[in-house]
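Visitor: Just passing along the structure, written as structure tokens.
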Ligand SMILES: [Zn+2]
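In full-length UniProt numbering, the protein residues as written are 1 to 332.
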């Protein structure tokens, strides 16, 4: 007899998972409809009356700050006046909650950006800062992450990687094609695993593994993370990264949620990992410290603000914080 029991509802765990409300870049309601785009899609969408544009310069987004709340979506007329480079326009999608209004993104010229820097009523803000400080509605942040990742890819991939010819934008910005050798090039998404490792000792006390990374300036204790390698499963990547950074062995791995992280093109795959060993040896190139924390100890860290001089957890915007908080809130 098979002793493997599986719930009749395979999604029970998903339904009982904590809400991801407030976690950054995860909410994007735009309809992309990429497959139905053609060579006329960009000008056709740009010409629509309610088309809205996100305007970027390097890694920053332009905000209009004259109104009570900052605004990130500009009309075509505004974009033209402000000095957007119309040639860089790409489609993000249409907004089903705004009568299918097209949403596009483009770059401002260096000259236009220089002029706007000193202009009252406008401000440039990094996409990361926008997210961390919740400066725009959460559903817009998902589209902004999409725009940031895509514009960055176009900006850095103008040539064919096979023959070196200049490529052209197709599918409204979702692909670049080579007119010389016919190669097609898709935007990159680099998957990374981010995991909270959990351990239960012989007395039944549960702890999670939090670490201070060498790249952090403040005393932030958070999850481990790392890029996936070619031909690797998510589970194998979690086990490898945890072992490399802390020497802790992980057995069971459970996927929880994912978060686009467009700096420049990551997808953070959030997991829990079950520790099979508890002795920690940190990799000093990655971590300055790693420790096991009980739920009560983590609560203490969480209560401190992200500007505290004492050890604390990351702000609620990151999937790391969500993984930590969700574990703390689990019924023991
Ligand atoms: Zn080519």
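Note that CB positions come from ideal geometry on N, CA and C, so glycine has one too.
Quick check: what's the CA-CA separation for residue 182 versus residue 168?
Guide: Start at 1 with the first residue of the chain shown, and residue 182 comes out as number 182. Start at 1 with the first residue of the chain shown, and residue 168 comes out as number 168. The alpha-carbon atoms of residue 182 and residue 168 are separated by roughly 11 Å.
Visitor: Would residue 1 be called buried (16 or more neighbouring beta carbons within 10 Å of its own) or exposed?
Guide: Mapped onto the chain shown, residue 1 falls at position 1. Because the pLDDT at residue 1 is just 49, under 50, the model does not fix this residue reliably, and the point stays unresolved.
Visitor: Could you say which of 58, 314 and 231 lies nearest to residue 125 if we only look at CA atoms?
Guide: Taking the first residue of the chain shown as 1, we reach residue 125 at position 125. Per the Cα distances, 58.
Visitor: Taking 7 Å as the limit between beta carbons, can you name the residues of its chain near residue 131, skipping five residues before and five after?
Guide: Looking up residue 131 in the chain shown gives position 131. Within the same chain, residue 131 has close Cβ partners 24, 25, 141 and 317.
Visitor: What is the DSSP secondary structure of residue 114, reduced to helix, strand or coil?
Guide: Taking the first residue of the chain shown as 1, we reach residue 114 at position 114. In this structure, residue 114 counts as helix in the three-state DSSP scheme.
Visitor: Between the segment 234-253 and the segment 192-199, do at least 3 Cβ pairs fall closer than 8 Å?
Guide: A contact exists between the segment 234-253 and the segment 192-199.
Visitor: Kindly confirm or deny that the segment 210-219 and the segment 287-297 touch, where touching means at least three C-beta pairs closer than 8 Å.
Guide: Contact between the segment 210-219 and the segment 287-297 is present, because at least three Cβ pairs lie under 8 Å.
Visitor: Apply the 10 Å Cβ neighbour rule to residue 119 and answer buried if 16 or more other Cβ atoms are within range, or exposed otherwise.
Guide: Here residue 119 refers to the residue found at position 119 when the chain shown is read from its first residue. It counts as exposed.
Visitor: Are the segment 254-273 and the segment 225-240 touching by the rule of at least three beta carbon pairs closer than 8 Å?
Guide: Yes, the segment 254-273 touches the segment 225-240.
Visitor: Roughly how many whole angstroms lie between the Cα atoms of residue 329 and residue 28?
Guide: Taking the chain shown and counting its residues from 1, the one referred to as residue 329 is at position 329. Taking the chain shown and counting its residues from 1, the one referred to as residue 28 is at position 28. Taking the straight line from one Cα to the other gives about 26 Å.
Visitor: Please indicate yes or no: does the CB of residue 180 lie closer than 6 Å to some heavy atom of ligand 1?
Guide: As a position in the chain shown, residue 180 is number 180, starting the count at 1. Checking every heavy atom of ligand 1 against the Cβ of residue 180, one is found closer than 6 Å.
Visitor: Quick check on the burial criterion: 16 or more other C-beta atoms within 10 angstroms. Buried or exposed for residue 79?
Guide: Here residue 79 is taken as the residue at index 79 of the chain shown, counted from 1. By the 10 Å Cβ count, residue 79 comes out buried.
Visitor: Under the assumption that residue 262 contacts residue 148 (Cβ atoms under 8 Å), give the Cβ distance between them as a whole number of angstroms.
Guide: One-based indexing of the chain shown puts residue 262 at position 262. One-based indexing of the chain shown puts residue 148 at position 148. That pair is a contact at about 4 Å.
Visitor: Quick one: grab the DSSP three-state call for residue 96.
Guide: Position 96 of the chain shown holds residue 96. Three-state result, residue 96: helix.
Visitor: Please state whether DSSP places residue 129 in a helix, a strand or coil.
Guide: By 1-based counting over the chain shown, the position of residue 129 is 129. Looking at residue 129 - three-state DSSP - the assignment turns out to be helix.
Visitor: Using only the alpha-carbon positions, how far apart do residue 150 and residue 53 sit?
Guide: For the purposes of this step, residue 150 is taken as the residue at position 150 of the chain shown. For the purposes of this step, residue 53 is taken as the residue at position 53 of the chain shown. Each residue's alpha carbon lies about 14 Å from the other.
Visitor: Along the beta strand (DSSP E) that carries residue 290, what are the first and last residues, could you check?
Guide: For the purposes of this step, residue 290 is taken as residue 290 along the chain shown, with counting starting at 1. Per DSSP, residue 290 belongs to the beta strand (DSSP E) from 287-294.
Visitor: Considering only the beta carbon of each residue, do residue 73 and residue 172 sit closer than 7 Å?
Guide: Residue numbering aside, residue 73 sits at position 73 when the chain shown is read from its first letter. Residue numbering aside, residue 172 sits at position 172 when the chain shown is read from its first letter. It is not a contact, given that the beta carbons lie outside the stated cut-off.
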